[in-house]
Amino acid sequence: MENLPVEILLIEDNIDDAELTIHALKKKNLGNNLIHLKDGEEALEFLYATGKYAGRNLNLQPRMILLDLKMPKLNGMEVLEKVKTEPSTKKIPVVILTSSREDPDLRRCYELGANSYIVKPVDFESFVNAVAELGLYWIILNQIPGQENRGK
Amino acid sequence: MLFKDIPIRQKLMRIILLISGIILFVISVVFFIYEFNAYRRNTAQKLSILGKVIATNSTAALAFDDKEAAYEILLALKAEPHIIAAALYDKHGNIFVVYPDSLAGEHFPAAPGNNVFHFEGGFLQGFQKVNEGGRHMGTLFLKSDLEGMYQRFSLFGITILSVIVISLLLVYILSNIFQKVISKPILTLSSIAKEISEKHDYSVRAVKSGNDELGSLTDSFNEMIDEIQKLQRELEQKVKDRTEKLETANKELEAFSYSVSHDLRAPLRAINGYSNMLWDRYQHVFDKEGIRLFNRIGENAKNMGMLIDDLLEFSRLGRKEICKAPADMTELAEISLQEINTSIKHNATIKIGQLHPANVDSIMMKQVLINLLSNAIKYSSKTEKPEIAVKSVISGNEIIYSISDNGVGFNTQYIDKLFGVFQRLHLQSEFEGTGVGLALVKRIINKHGGKVWATGELNKGATFSFSLHA
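Going down the list, the sequences are from chains Z and L. Here the first sequence is numbered in the numbering used here, starting from 936 and rising by one per residue. Here the second sequence is numbered in the numbering used here, starting from 985 and rising by one per residue.
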């Protein structure tokens, strides 16, 4: 598994939200190479190949990170800050998952370099559409320099 | 200006001047009366002595019946210019010789009297018997005017008056200097009291001028200010503490309602999501009743979502500061209506009148108008020809806006419940809604310093009104 190319890294502590997100992505054929991690600490270990992910091939970074803000241990904002300051990961698009567009942390996320955000709507249909749109945009249409060969 | 209203400085000066004036006047009058009496007595005495001298000198002339010698003697009276008339009578009482000789006889008493020198009709006059060795020789009459006395007294009067004027002037100058001993501490106290009451600076203290009553007044004054300053500090601290507590409680409450609303969404999201997944994967095994039950779950989840959204909106409003600016209320109402028209289908005739402009937070006011208009549309939707009118009138210093419909109205018995959070007068199956809309309206209008009320009758429509400062 460690050596397969990862399309999407989902960092989400709520297993229900995670399952629904994965379901939404799969519904739009976007969730094939997805990894779900349950907290920020594990996410950083994965991204920088430390801890239990030591030895992972660092050339195979995800093409998009879906990041929940409210998480135990390291929260979403701390993960975002680290991802956007490390040269090896700062080009990976990060989409924030939030419960409300009123979240006071959203502005801070943009300042830290978040690429977009999705409000987790109560209405499942619109959630599927929102996730799918963003997935399509960041994975298929938006080509990151130096990764042109991938995803074809 | 009344005496009690003039400044204390002037009061002191006036009192000092008045008392000095009265004392000077009394002294002058007493002095004048004494002097007047003394001088009169003196003048009468002098005339009497003169009479005796002339009487003694004229004995020989009378004895020898020498009128010329007698006249010569009387002529010596020229040295005394105030003697205006003199006469000698012989021993039989007939006029012997007169002075001055130009004066006719009728100016003299016809016969000698017995009166000694006395004041009579503005003159000093009298008789002096001429005796020689016990023998009556004749009588001398002398008459003097009072010019000398008048001159003396007018001079005396002028002197007294000058003394009074100069004294009062001196009193004025000295009192002006010495009244400060009393007035200055009072004026200082008064100006400090004024300064404190104007600037509310309780750190100022009055400086004591001595150990008299004014000194103890200053002490009492300073003690009083100490007390006020202490109380004020305590009060400020109390207000600060309370405000802090209130702010903390408020923040906690907001954080609570915000996170409740937030966290309530997560399980709801799961219910919705899993229902959808269930539908996607297993709809083929549901029978008719299964589908109905499934739809009930979906609808209730949707309602709960709306409730949470409204609650979130309501709590967000509590935190929001209002930002007032002059607004065209007609335009706001029209924009609100356009927004409603894009999301709700209705067949109501809505007339928006010319509304008075007001000073409001446009975003919040639009929320009010949207809520009231969509309520009016909702509750008149079952009427055959729904009509809604938006108007405004000026009443005193307020503008009253009203939105009336001809819909189902409400039972006035429940009027108190209209504006409460989650209070509804209709069944969910009759009219959809969460019961937050009017509570939100009330909260916004109260934030603007206005009032909200409703009038209506069951099945005859309702009018919702709110007032704003004109």
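The beta carbon of each residue, even a glycine, is placed where N, CA and C say it ideally should be. Source: prediction; values computed, not measured.
By the 8 Å beta-carbon criterion, what residues does the region 1390-1424 of chain L contribute toward chain Z?
Correct list: empty, as no residue qualifies.
Taking all protein chains shown into account, do 16 or more other C-beta atoms lie within 10 angstroms of the C-beta of Z:GLU942, making it buried, or fewer, making it exposed?
One-based indexing of the first sequence puts residue 942 of chain Z at position 7. With 16 or more other CB atoms across the displayed protein chains lying within 10 angstroms of its CB, Z:GLU942 is buried.
Put L:ALA1070 into one of helix, strand or coil per three-state DSSP.
Walking along the second sequence from the start, residue 1070 of chain L turns up at place 86. It is a strand residue.
Please report the straight-line C-alpha distance between L:SER1012 and L:ILE1144, rounded to a whole angstrom.
As a working mapping, residue 1012 of chain L is identified with position 28 in the second sequence. As a working mapping, residue 1144 of chain L is identified with position 160 in the second sequence. So the alpha carbons of these two residues sit roughly 7 Å apart.
Show which residues of chain Z have a CB atom less than 7 Å away from the CB atom of L:MET1261.
Against the second sequence, residue 1261 of chain L aligns to sequence position 277. Listed along chain Z are HIS958, each with a C-beta nearer than 7 Å to that of L:MET1261.
Would you give the residue range spanned by the beta strand (DSSP E) that L:LEU1124 belongs to?
Locating residue 1124 of chain L in the second sequence gives position 140, counting from the first residue. Note, L:LEU1124: beta strand (DSSP E), 1119-1129.
Which term fits Z:GLU937, buried or exposed, when burial requires 16 or more other beta carbons within 10 angstroms of its beta carbon?
Along the first sequence, read from residue 1 onward, the residue named residue 937 of chain Z stands at position 2. The predicted model places Z:GLU937 with a pLDDT of 44, which falls under 50 and marks its position as unreliable, so this point remains unresolved.
Hey, how far is the Cα of L:GLY1393 from the Cα of L:MET1288?
Position 409 of the second sequence, counting from 1, holds the residue named residue 1393 of chain L. Position 304 of the second sequence, counting from 1, holds the residue named residue 1288 of chain L. Using only the alpha carbons, I get a separation of about 26 Å.
Looking at chain Z, is there any beta carbon in it that lies within less than 7 Å of the beta carbon of L:ALA1254?
One-based indexing of the second sequence puts residue 1254 of chain L at position 270. Chain Z, which has a Cβ nearer than 7 Å to the Cβ of L:ALA1254, makes this yes.
Going by Cα to Cα distance, which pick from L:ILE1079, L:ASP1085, L:ILE1033, L:PRO1065 is closest to L:GLU1056?
For the purposes of this step, residue 1056 of chain L is identified with residue 72 of the second sequence, where counting begins at 1. Out of L:ILE1079, L:ASP1085, L:ILE1033, L:PRO1065, L:ASP1085 has the C-alpha closest to the C-alpha of L:GLU1056.
Just grab the DSSP bridge partners of L:VAL1114 for me.
Along the second sequence, read from residue 1 onward, the residue named residue 1114 of chain L stands at position 130. L:GLY1122.
Is there a Cβ from chain Z that is less than 7 Å from the Cβ of L:ARG1265?
What you label residue 1265 of chain L is simply residue 281 of the second sequence in a count that begins at 1. No, L:ARG1265 does not count as interfacial toward chain Z.
Residues in its own chain within less than 7 Å of L:TYR1186 by CB, not counting five upstream and five downstream?
The residue you call residue 1186 of chain L lines up with position 202 of the second sequence. Beyond the five residues adjoining it in sequence on each side, L:TYR1186 comes within less than 7 Å, by CB distance, of ILE1180, ILE1209, ILE1212, GLN1213, GLN1216 in the same chain, given in chain order.
Report the option in L:LEU1059, L:THR1227, L:TYR1073 whose CA atom is closest to the CA atom of L:MET1121.
In the second sequence, counting from the first residue as 1, residue 1121 of chain L sits at position 137. With distances taken between Cα atoms, L:MET1121 lies closest to L:TYR1073.
Measure from the alpha carbon of L:ALA1309 to the alpha carbon of each residue in L:VAL1223, L:LEU1295, L:ILE1347, L:ILE1148, then state which is nearest.
Residue mapping note: residue 1309 of chain L aligns to position 325 of the second sequence, counting from 1. Measuring from the Cα of L:ALA1309, the nearest candidate turns out to be L:ILE1347.
Using CA atoms only, rank isn't needed, just tell me which of L:ASN1381, L:HIS1410, L:ILE1387 is closest to L:ASN1395.
To locate residue 1395 of chain L, count along the second sequence from 1; it is residue 411. Taking each of L:ASN1381, L:HIS1410, L:ILE1387 in turn and checking the Cα distance to L:ASN1395, the smallest one comes out for L:HIS1410.
Determine whether the beta carbon atoms of L:GLY1419 and L:ARG1427 lie at a separation below 7 Å.
One-based indexing of the second sequence puts residue 1419 of chain L at position 435. One-based indexing of the second sequence puts residue 1427 of chain L at position 443. At the C-beta level, L:GLY1419 and L:ARG1427 stay beyond 7 Å of one another.
Looking only at its own chain, which residues have a Cβ that is under 8 Å from the Cβ of L:TYR1398, when we skip the five neighbours before and after it?
Here the question's residue 1398 of chain L lines up with position 414 in the second sequence. Within the same chain, L:TYR1398 has close Cβ partners LEU1409.
Please determine if the region 994-1002 of chain Z and the region 1027-1036 of chain Z are in contact, where contact requires at least 3 C-beta pairs separated by less than 8 Å.
yes
What is the rounded straight-line gap between the Cα of L:ASN1041 and the Cα of L:THR1027?
The residue you call residue 1041 of chain L lines up with position 57 of the second sequence. The residue you call residue 1027 of chain L lines up with position 43 of the second sequence. The straight-line gap from Cα to Cα measures roughly 21 Å.
For Z:ASP974, decide whether its Cβ has a neighbour in chain L, counting only Cβ atoms nearer than 7 Å.
To locate residue 974 of chain Z, count along the first sequence from 1; it is residue 39. The beta carbon of Z:ASP974 sits no closer than 7 Å to any beta carbon of chain L.
Please report how far the alpha carbon of Z:TYR1072 lies from the alpha carbon of Z:LEU960, in whole angstroms.
Locating residue 1072 of chain Z in the first sequence gives position 137, where the first residue counts as 1. Locating residue 960 of chain Z in the first sequence gives position 25, where the first residue counts as 1. Between Z:TYR1072 and Z:LEU960, the C-alpha separation is close to 13 Å.
Taking the C-alpha atoms as reference points, what is the distance between L:HIS1159 and L:SER1174?
The sequence position of residue 1159 of chain L within the second sequence is 175, counting from 1. The sequence position of residue 1174 of chain L within the second sequence is 190, counting from 1. Residue identity check: residue 1159 of chain L is Ser in the sequence provided, not His. Straight-line Cα distance between these residues: approximately 21 Å.
How many whole angstroms separate the CB atoms of Z:VAL1063 and Z:LYS962, which I take to be in contact at a CB cut-off of 8 Å?
If you number the first sequence from 1, residue 1063 of chain Z lands on position 128. If you number the first sequence from 1, residue 962 of chain Z lands on position 27. About 6 Å separates the two Cβ atoms, so the contact holds.
By the three-class DSSP mapping on this structure, what secondary structure does L:ILE999 have?
Looking up residue 999 of chain L in the second sequence gives position 15. Note: L:ILE999 maps to helix in three-state DSSP.
If you draw a straight line from the C-alpha of L:LEU1034 to the C-alpha of L:TYR1018, how long is it?
Within the second sequence, residue 1034 of chain L is the residue found at index 50, counting from 1. Within the second sequence, residue 1018 of chain L is the residue found at index 34, counting from 1. If I take the Cα positions, the gap works out to 24 Å.
Taking DSSP as the reference, what is the three-state secondary structure of L:GLN1302?
Locating residue 1302 of chain L in the second sequence gives position 318, where the first residue counts as 1. The question names Gln, but residue 1302 of chain L is Gly in the sequence shown. Three-state DSSP puts L:GLY1302 in a helix.
How would you write the range of the beta strand (DSSP E) that L:ALA1373 sits in, first residue to last?
For the purposes of this step, residue 1373 of chain L is taken as the residue at position 389 of the second sequence. That run of the beta strand (DSSP E) goes 1371-1379.
Ignoring anything shorter than 3 residues, give me the beta strand (DSSP E) runs that lie fully in the region 1321-1408 of chain L, in order along the chain.
1333-1336, 1342-1344, 1371-1379, 1382-1389
When the Cα atoms are used, what is the spatial distance from L:LYS1362 to L:LEU1219?
Counted from its first residue, the second sequence places residue 1362 of chain L at position 378. Counted from its first residue, the second sequence places residue 1219 of chain L at position 235. The alpha-carbon atoms of L:LYS1362 and L:LEU1219 are separated by roughly 51 Å.
Between Z:GLU947 and chain L, is the shortest Cβ-Cβ distance under 7 Å, so that the two count as touching?
Along the first sequence, read from residue 1 onward, the residue named residue 947 of chain Z stands at position 12. It does not; no Cβ of chain L falls within 7 Å.
With H, G and I counted as helix, E and B as strand and the rest as coil, what does DSSP make of Z:LEU1047?
As a position in the first sequence, residue 1047 of chain Z is number 112, starting the count at 1. Here Z:LEU1047 sits in helix by DSSP.
Would you tell me roughly how many angstroms separate the C-alpha atoms of Z:GLN1082 and Z:LEU995, rounded to the nearest one?
One-based indexing of the first sequence puts residue 1082 of chain Z at position 147. One-based indexing of the first sequence puts residue 995 of chain Z at position 60. Residue placement at Z:GLN1082 cannot be trusted, given a pLDDT of 49 that sits under 50; the coordinates are not used to answer.
Hey, is the region 1151-1170 of chain L in contact with the region 988-1002 of chain L, meaning 3+ C-beta pairs nearer than 8 Å?
Yes: at least three Cβ pairs fall under 8 Å.
When you measure from the CB of L:SER1346 to every non-hydrogen atom of the ligand GDP, does any distance come out below 6 Å?
Inclusion of the ligand GDP in the displayed structure is not the case, the ligand content being empty and no account of it being possible.
List the residues of chain Z that L:ALA1239 touches, going by C-beta distances under 9 Å, in chain order.
Sequence index remark: in the second sequence, residue 1239 of chain L carries index 255 (1-based). In chain order: nothing, as chain Z lies at least about 11 Å away.
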